[in-house]
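Participant:
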Amino acid sequence: MITPDLESGTKLWHLVKNHDQADQREGDRGSKMVSEIYLTRLLATKGTLQKFVDDLFETIFSTAHRGSALPLAIKYMFDFLDEQADKHSITDYDVRHTWKSNCLPLRFWVNVIKNPHFVFDIHKNSITDACLSVVAQTFMDSCSTSEHKLGKDSPSNKLLYAKDIPNYKSWVERYYSDISRMPAISDQDMSAYLAEQSRIHLSQFNSMSALHEIYTYIAKYKDEVSDTAARRQANGPTHDL
1 MITPDLESGT KLWHLVKNHD QADQREGDRG SKMVSEIYLT RLLATKGTLQ KFVDDLFETI
61 FSTAHRGSAL PLAIKYMFDF LDEQADKHSI TDYDVRHTWK SNCLPLRFWV NVIKNPHFVF
121 DIHKNSITDA CLSVVAQTFM DSCSTSEHKL GKDSPSNKLL YAKDIPNYKS WVERYYSDIS
181 RMPAISDQDM SAYLAEQSRI HLSQFNSMSA LHEIYTYIAK YKDEVSDTAA RRQANGPTHD
241 L
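Residues 1 to 241 in UniProt numbering are what the sequence shown lists, from first letter to last.
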């Protein structure tokens with residue numbers, strides 16, 4: 001049910017395919033016609049949203065079309081990953097690419113795309129959630145280095161953006177390459193940047209509330225934290241990623 005009109009009392013309903021009919025068998029003409037209608041609507045919706053999806057992906061995977069400078073933390077983090085790869089003689093491009101994808105696009109951006117209510121004061125209904133899931137899946141496929149083989153039996157959400165993913169992948173590769181060519185960020189500059197960000201946002205956060213959350217976490221996992229700290233002290237310093 002779509003949000004009702006409280007003033008008139010009218011309730012609006014969104015019609016969906018009935019999957020509970022026992023007489024609807026796979027391959028049935030009626031079922032096939034409904035599927036074809038859905039595919040047409042999916043393609044029409046995709047065409048309407050295409051520019052917005054393209055703009056979103058280009059903004060995320062670009063150092064020049066962001067509307068603001070690339071945060072120093074991203075350059076610093078990516079350089080750290082490259083340094084660790086060099087230190088451990090990891091030359092495989094896919095490994096380096098996956099590290100960067102896992103620590104930023106797949107860790108942060110997918111969560112924001114899939115859950116806009118984390119950032120904006122909006123209600124995400126089931127229909128919106130399904131649409132955003134398709135965009136999020138396309139985003140994840142664009143960050144992958146593996147080839148996705150699709151066929152006629154592949155789910156429609158995979159087929160919708162199949163022709164666009166190679167182009168999106170090239171944007172991701174260009175993004176990582178552009179960042180690698182940017183001037184390195186020194187530890188002093190990074191520390192100064194973090195201190196400045198703390199000063200700017202000082203009044204926006206409740207430090208006591210943050211300490212309370214940390215205390216709650218530690219109280220819950222104090223045994224695991226103590227055991228981990230004891231093992232690290234016994235084994236010496238580590239540089240695990």
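In this text, a Cβ means the ideal position worked out from N, Cα and C, and glycines have one as well.
(1) Quick one: what's got a C-beta closer than 7 Å to leucine 106's C-beta in the same chain, skipping five residues either side?
(2) For leucine 72, which residues of its own chain have a beta-carbon under 8 Å away from its beta-carbon, when the five flanking residues on both sides are left out?
(3) How many Å lie between phenylalanine 78 and lysine 100 at the Cα?
(4) Got a sec, what are the start and stop residues for the alpha helix (DSSP H) threonine 145 sits in?
(5) Which two residues bound the contiguous alpha helix (DSSP H) that contains proline 155?
(6) Mind checking threonine 138: buried by the 16 CB within 10 Å criterion, or exposed?
(7) Just to confirm the assignment, what range does the alpha helix (DSSP H) spanning isoleucine 165 have?
(8) Measure the alpha-carbon distance for tyrosine 168 versus phenylalanine 57 and round it to whole angstroms.
(9) Just verifying my parser: in three-state terms, what is the DSSP assignment at residue 242?
(10) How about the region 201-214 and the region 130-137: do they share at least three Cβ pairs that are nearer than 8 Å?
(11) Output the distance between the C-alpha atoms of tyrosine 161 and aspartate 121, rounded to the nearest integer angstrom.
(12) What is the rounded straight-line gap between the Cα of tyrosine 76 and the Cα of aspartate 86?
(13) Would you call the CB atoms of serine 180 and aspartate 82 closer than 8 Å?
(14) Rounded to a whole number of angstroms, what is the C-alpha to C-alpha distance between arginine 231 and lysine 222?
(15) DSSP three-state call for valine 119: helix, strand or coil?
Facilitator: So, from the data block:
(1) As a first step, residue 106 must be located in the sequence shown, where it is residue number 106. If we look at leucine 106 and ignore the five residues flanking it on each side, its Cβ neighbours are Met140 and Cys143.
(2) The count along the sequence shown starts at 1 and reaches residue 72 at position 72. Taken in chain order, the residues that qualify are Ile185, Asp189, Met190 and Tyr193.
(3) As a position in the sequence shown, residue 78 is number 78, starting the count at 1. As a position in the sequence shown, residue 100 is number 100, starting the count at 1. Rounded to whole angstroms, phenylalanine 78 to lysine 100 spans 7 Å at the Cα level.
(4) The residue labelled residue 145 in the question sits at position 145 within the sequence shown. Where threonine 145 is concerned, there is no enclosing alpha helix (DSSP H), given that its DSSP letter is neither H nor E.
(5) Translated into the one-based positions of the sequence shown, residue 155 becomes position 155. No alpha helix (DSSP H) holds proline 155; DSSP gives it neither H nor E.
(6) Taking the first residue of the sequence shown as 1, we reach residue 138 at position 138. Per the 10 Å Cβ criterion, buried.
(7) Your numbering for residue 165 matches position 165 in the sequence shown. 165-181 is the span of the alpha helix (DSSP H), which, as asked, contains isoleucine 165.
(8) Position 168 of the sequence shown, counting from 1, holds the residue named residue 168. Position 57 of the sequence shown, counting from 1, holds the residue named residue 57. So the alpha carbons of these two residues sit roughly 7 Å apart.
(9) This structure cannot settle anything about residue 242, because the visible part of the chain is limited to 1 through 241.
(10) no
(11) Stepping through the sequence shown from its first residue, residue 161 is reached at position 161. Stepping through the sequence shown from its first residue, residue 121 is reached at position 121. So the alpha carbons of these two residues sit roughly 29 Å apart.
(12) For the purposes of this step, residue 76 is taken as the residue at position 76 of the sequence shown. For the purposes of this step, residue 86 is taken as the residue at position 86 of the sequence shown. Distance between the alpha carbons of tyrosine 76 and aspartate 86: 15 Å.
(13) Taking the first residue of the sequence shown as 1, we reach residue 180 at position 180. Taking the first residue of the sequence shown as 1, we reach residue 82 at position 82. Cβ distance < 8 Å, so serine 180 and aspartate 82 count as in contact.
(14) Taking the first residue of the sequence shown as position 1, residue 231 is located at position 231. Taking the first residue of the sequence shown as position 1, residue 222 is located at position 222. Approximately 14 Å, taken between the alpha carbons.
(15) As a working note, residue 119 is residue 119 in the sequence shown. Reduced to three states, the DSSP call for valine 119 is coil.
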